[in-house]
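Written below as structure tokens is the structure these notes are about.
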Amino acid sequence: MDYCSFYAICLCFLAFSRNTFANGDDFDALPGFQNLTKGYNKYLRPNFDGKPVVVKVSLAVASIDAISEANMDYTATIFLRQRWTDERLVFEGNKSFSLDARLVQLLWVPDTYIVDSKKSFLHDITVENRLIRLFANGTVLYAIRITTTVSCKMDLAKYPMDKQTCQLQLESWGYTMDDLAYSWLRGNDSVSGMDSLRLSQYTVERYYNLITTGRYETGEYPRLVLCFELRRNILYFILETYIPSTLLVVLSWVSFWLSMASVPARTCIGVTTVLSMTTLMMGSRSSLPTANGFIKAIDVYLGICFSFIFGALLEYAVGHYCSEQLALSNKFKKNAPEELEEIKISSVLNSSLPSFKRKKSLTQKDALECGDCDEKDLEKNDTRFKYLLQTKQRMNRCLNLFTVENPANVDRYARMVFPLAFLVVNVFYWTYYLFF
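If you count by UniProt numbering, then the sequence shown holds residues 1 to 436, one letter each, in order.
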């Protein structure tokens, strides 16, 4: 290409007007580019008022920088390459020309946009990251580098043992199926870079692409979809949450081997483990919103651990209460005969002394009548004594219902029941969330 040809391309770049292509004076000096100057209109698609223009797409995923469960989105940097044939740009020869990226403003390009994109930007350091390449048969290659944040609907019910399926959807904004059609350039091999991705919390299990249609009120629009499945790496959560919470549960069992009389030690262990578990639960939930309504797998496990720790604290309360009740019951049994004898003596004295005084001051006839009254008083006192005795017996039976003959058995049974129950619950928990 001679100096005049290079000068003509520079004029085309500086003009940025439709007349640059319409006027053949500048491009007539370029060998094989005569067709570029004949009736080109960047506002009309190729094959205007004819068959749809076919845009072949390929993707290269450079990175997936962040996946946010709180916002339910991911941020990715991609290289989007689009190819189509524009018969108005056919020129002689078998070569291809890479043009300045700023010349894209003079060409027709597809109005491709990213569905469900929250924000996107085109890289422009040191210049706009665009590529325009023209082939002799009129094929145009248009490549751009984009960083975009795309919404991804997540199901966090099995978090952190979950798998998420996210999508990257490309669609035409204004051209319907009658004007434009998308296709993958090399079928399933049109997407590259997914196999070499290294993510902090996820592993890409598989990915595939689809060709679908977006249906709206204004018509049906062509759409390309890239689907990729992400499996979360659970090792971090095992070391960060599951192991500490399990150790706290085991620590709460230490109190089962301490004496019931060691009130400060057992209370300190119970309260400390409960507070530590509460702090661990709050820390695990700080990275996720609480208003999303999800009951996650990690919440279930932390709830189980908290229940066992709180149950260990209640176990000591029950054991200590049983000890106190046993001591009270023994004391009641020991003092019962003495109290019974005191009640009999007091009842006899209370009934006989007034009777003796009254008999002394009355006549014989009155004394006989008053003796009948004393017998009635004695019967009443006997009835009252029997009622008190029955009441105490009932209270004693009620106390026996809540009295453990040997409070040490509470700790002895807890040493077996708590670990066995925790083991069984863990088997059901991990089986359900890993295999169902």
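No residue lacks a Cβ here, since even glycine has one placed at the ideal position from N, Cα and C.
Every beta strand (DSSP E) of 3 residues or more that sits fully in the segment 100-175 is shown, in chain order, as 112-115, 117-122, 130-135, 139-151, 163-172. If you compare the alpha carbons of Phe306, Asp195, Glu220 with that of Val249, the shortest gap goes to Phe306. The straight-line gap separating the alpha-carbon atoms of Ala143 and Leu80 is approximately 6 Å.
For Gly219 and Thr176, the gap between their C-alpha atoms comes out near 7 Å. If the five residues before and after Val263 are omitted, its C-beta is found closer than 6 Å to no C-beta atom of its own chain. About 18 Å separates the beta carbons of Ser190 and Val150, which is beyond the 8 Å limit, so they are not a contact pair.
Remark: three or more beta-carbon pairs, one from each stretch, lie closer than 8 Å, so the segment 171-187 and the segment 49-61 are flagged as touching. Taking 8 Å as the cut-off, the Cβ atoms of Phe308 and Ser255 do not count as close. In the three-state DSSP reduction, Pro264 falls in the helix class (H, G or I).
Less than 8 Å divides the Cβ of Arg133 from the Cβ of Phe97. Rounded to the nearest angstrom, the gap between the Cα atoms of Thr246 and Gly270 is 15 Å. Judged by DSSP in its simplified three-state form, Asp189 adopts helix. In this structure, Leu170 sits near Thr112, with a CB-CB distance shorter than 8 Å. Of the residues assessed, Thr279 falls on the exposed side of the cut-off, its CB having fewer than 16 other CB atoms within 10 angstroms.
By the C-beta density criterion, Leu226 is buried, having at least 16 other C-beta atoms within 10 angstroms. When the Cα atoms are used, Tyr216 and Lys51 turn out to be separated by approximately 22 Å.
By alpha-carbon distance to Trp84, the top candidate from Trp430, Thr75, Leu107, Ala66 is Leu107.
In this chain, the beta strand (DSSP E) harbouring Ile67 covers 53-68. Our two residues, Arg384 and Met395, have alpha carbons roughly 17 Å apart in a direct line.
Ranking Phe294, Leu313, Gly193, Ile234 by CA distance to the CA of Ala265 puts Leu313 first.
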